[in-house]
Amino acid sequence: MTRYLMTRLFYFFLALLVLSVVTFSLNWLFPGDPLTNMSGIRDGQAAYNATLESRAFDSTVIQQYVNYLAHITQFDWGLSLSTGNDVWQDAATYLVVSAELVLLSFALAVLIGLPLGMLAANYFRHNLDKFILTSAMTGYSIPVFWLAQLLILLFAVQIEWLPITGQINPLYAIDSITGSVIIDILLSDSQYKLAALQDALLHLVLPVLTLSSLPSMLLLRITRNQTIEVLQKPYVKAARARGLSQKRLLFKHALPNVLQDVLPQMTFIFGLMMANLVIVEHIFNWPGAGAWLLKAIIERDYPIIQMVLFTLMGLILVLNLLVEIYRGWRFPMTREERYGGY
Amino acid sequence: MDLLDIRNLTIEMDGPHGRVRVLDKVSLQLKEGEVHSLVGESGSGKSLLAKAVIGVLNPLWDVTADRLWWNGKDLLAMTPKQRRAITGRDMAMIFQDPLAYLDPNSTVAEQITEAIPAGDVTGTFMHRRIDRKTRVAQLLHRVGIRDHDAIMKSYPYELSEGIAQKVSIAIAIAHRPKLLIADEPTTAMEPSTKDQIQRLLGKLAVSQSMSVLLITQDVASILPATQRVSLLYCGQMMEHGDTETVLNRPAHPYTDAMIKMSLQAHAELEPKSKLPSLPGAVPTLRHMPIGCRLGPRCPYAQKQCVKAPLVRHRDEQSYYCHFPLNEPEA
């Protein structure tokens, strides 16, 4: 296990390093010159040179990369080019706002995908299975941006059950402390706490639904196929021959073995959610990291782009690492398969 | 009373080319404490018979029988739940490839513990824990595994085939079943392991006083302790009876061929003579012969054989053949 752990950690840090190279080279890969954007066109050469000097742009690329690494290891992502604020300090609230959305959506996706997938597999080739599978196919064929529009049209415009955009009705005057609305409401001493909470939850419904639709349907399909495969394995047959009920068979014998292969797919699905996060936050005017990233891209605000990209991708890597470690501990056979038993 | 009483068990399924009768009026009786061997080539329906008894057949197949009785109770009339209760309490099954039939993600201890009936261990939480552990160790000793501590912590992929089969036997006998069905437990095993497993099964049958239904492909690998033997071909019963009688004076041409094909018989062959075997191959499900299904391959077959023979009895054996061999001189 120690060796397995070391290998996983090594790959994790290697990936982080590669990631830092990618985010670092954004400055060069993108068209246009960030310095011109910063110094402004009208001020001319003098201002340009001043910025060049202040940002140490005259040193070699390697030197710059080492400097960059030294800074980001201390969470110093520099100052925003458009506002001049410290990026890392601004990021905290944006990231928490996004985390709330992502965690809720991921939880919903798992809650929908896993049980429905197992249910469909249990009724393999029956009508229920066909129905669930067809719905899943429809669900993940719809592009996220279009689904968002449809949901808004139906629930917000036509039947007016849910608000269109935003986190909460500003009239409730909840102070933003952590960034997460729900936690903020619970922390605040407003006398309309319950009403505010209800309002915030209503605001959450559409973004969470939209963001979780694709992952849940993907997860459903993966779980279904995996469960069908596991249910035909000899050890499940042996368990069935021991007179165990179908319920016990599914949860005690099939589920752990299904999870062994579904867990790594969850990291992949999480990555997919990160991509959709930008779209969903933009459509629903959600003040999170995704929308912030989009704004930064339009404004060519490189420190922000670098920071958000690095953090989002780093999160995926961390999740991947955690899943790998859990998998190596809970399912020792996977260790054996990959590294010949440590 | 017979522990297991099967009369005219028929299983039919809908294949891509129409309805196929995969098991055709098979009868089998098993007494308490009896070791019974069921011999037949692959595709003869041995495993189907076992699955029908355990109750894990595909629910889409038609299972009919004049009698499928367990201890005098009709298994076919039961609800799935009642059936599972009987299977879980009184029956157990072991399989050919033990490594594939053990859960790859649970330790040996976990898997054996699960098979121990809940009512067997009582007391406080810690008591139950310790009790379970000693029981697992006892079971492992009973199947001939000495270093129980190491084996208990192992996962199936860390075990050798012989040990894995012993572990699955330990799982099978954990709830003291009345019947152990062994589905080709020693096929594709090395001879020394094969011998060990066979002796273990014979020993357990006596010490646990349970019946064993052993399924094998050839007469050479039936258990030494076998009291009665049945031969199955293409879903039809060919012959059954007392082991000694059937193997020494086979009445059915199929039994005769199976005995001649077995390894011991080869020793008596003349040098350079042809190896005895039945001509042709086992028919596919699509082209089942009518009447006696051995007909096309049988060296003694005549016109009459297109009609299914009725059962005939001779001393300690019963057979289904129009032209039996080794008839006593009149």
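As you go down the protein sequences, you meet chains A and B in turn. Under the UniProt record's numbering, read the first sequence as residues 1 to 342, first letter to last. Under the UniProt record's numbering, read the second sequence as residues 1 to 330, first letter to last. Every residue gets a Cβ at the ideal spot worked out from N, C-alpha and C, and that includes glycine.
{"Asked": "Minimum Cβ-Cβ distance from B/N105 to chain A less than 9 Å", "Found": "yes"}
{"Asked": "Supposed contact pair A/A200 and A/V181 - C-beta distance, whole angstroms, cut 8 Å", "Found": "4 Å"}
{"Asked": "8 Å Cβ cut-off: residues of chain B touching A/P234", "Found": "F95, D97, A100, Y101"}
{"Asked": "B/Y155: contacting residues in chain A (beta-carbon distance under 8 Å)", "Found": "P332, M333"}
{"Asked": "Cβ pair count under 8 Å reaching 3, the region 62-77 of chain B against the region 10-27 of chain B", "Found": "yes"}
{"Asked": "Where residue 358 of chain B falls, given that 16 or more other Cβ within 10 Å makes a residue buried", "Found": "Because chain B spans 1 through 330 in this model, residue 358 of chain B falls outside it and cannot be assessed."}
{"Asked": "Contacting positions in the region 44-56 of chain B - beta carbon closer than 7 Å to chain A", "Found": "I54, V56"}
{"Asked": "At least three beta-carbon pairs within less than 8 Å, the region 97-113 of chain B to the region 73-84 of chain B", "Found": "no"}
{"Asked": "Inter-stretch contact at 8 Å, needing at least 3 Cβ pairs: the region 30-49 of chain B / the region 223-233 of chain B", "Found": "yes"}
{"Asked": "Cross-chain neighbours of A/L263 in chain B, by beta carbon under 7 Å", "Found": "The premise fails here: A/L263 is roughly 12 Å from chain B at the closest Cβ pair, so nothing lies under 7 Å."}
{"Asked": "Start-end ranges of the beta strand (DSSP E) lying completely within the region 76-108 of chain B, minimum 3 residues", "Found": "91-94"}
{"Asked": "Contact set between B/T87 and chain C, taken where Cβ atoms lie within less than 8 Å", "Found": "Chain labels in this structure do not include chain C; the protein chains are A and B."}
{"Asked": "Start and end residues, alpha helix (DSSP H) containing B/H240", "Found": "Careful: B/H240 lies outside any alpha helix (DSSP H), inside the beta strand (DSSP E) at 236-242."}
{"Asked": "Beta-carbon contacts of A/M313 that lie in its chain and below 7 Å, excluding the five residues immediately before and after", "Found": "L19"}
{"Asked": "Candidates B/F323, B/V53, B/K133: closest to B/G295 by CA position", "Found": "B/F323"}
{"Asked": "Three-state secondary structure (DSSP) of B/H313", "Found": "strand"}
{"Asked": "Contact with chain B by A/E336, beta-carbon distance below 9 Å", "Found": "yes"}
{"Asked": "Reduced DSSP secondary structure (H/G/I, E/B, other) of B/M13", "Found": "strand"}
{"Asked": "Cβ-Cβ distance between A/A217 and A/Y123 below 9 Å", "Found": "Note that residue 217 of chain A is Met in the sequence shown here, rather than Ala. No. Outside cutoff."}
{"Asked": "B/C292 to B/L76 span [Cα, whole Å]", "Found": "27 Å"}
{"Asked": "Limits of the unbroken alpha helix (DSSP H) element including A/Y140", "Found": "127-141"}
{"Asked": "Any C-beta of chain A under 9 Å from that of B/M152", "Found": "no"}
{"Asked": "Run of the beta strand (DSSP E) containing B/T216, from where it starts to where it stops", "Found": "211-216"}
{"Asked": "Assigned exposure category for A/Q198 - 16 Cβ within 10 Å defines buried", "Found": "exposed"}
{"Asked": "Neighbour list for A/P256 in chain B, Cβ cutoff strictly below 9 Å", "Found": "D103, N105, S106"}
{"Asked": "Closer than 9 Å to chain B by CB, A/K237", "Found": "yes"}
{"Asked": "Cβ-Cβ distance between A/I168 and A/A196 below 9 Å", "Found": "yes"}
{"Asked": "Per-residue DSSP class, three states only, for B/R21", "Found": "strand"}
{"Asked": "Alpha-carbon spacing of A/T71 relative to A/W77, whole angstroms", "Found": "It should be noted that the sequence gives His, not Thr, for residue 71 of chain A. Going by the C-alpha atoms only, they are around 7 Å apart."}
{"Asked": "Against chain A: residues of the region 113-129 of chain B by CB proximity under 9 Å", "Found": "E114, A115"}
{"Asked": "B/L231 - DSSP class collapsed to helix/strand/coil", "Found": "strand"}
{"Asked": "As assigned by DSSP and simplified to three states, the class of A/W161", "Found": "coil"}
{"Asked": "Amino acids of chain B, ordered along the chain, whose beta-carbon sits closer than 9 Å to that of A/Q260", "Found": "P104, N105"}
{"Asked": "Reduced DSSP category for B/I112 - H, G, I as helix; E, B as strand; rest coil", "Found": "helix"}
{"Asked": "For B/H17 and B/P276, the rounded distance between their alpha carbons", "Found": "34 Å"}
{"Asked": "Assigned exposure category for A/A291 - 16 Cβ within 10 Å defines buried", "Found": "buried"}
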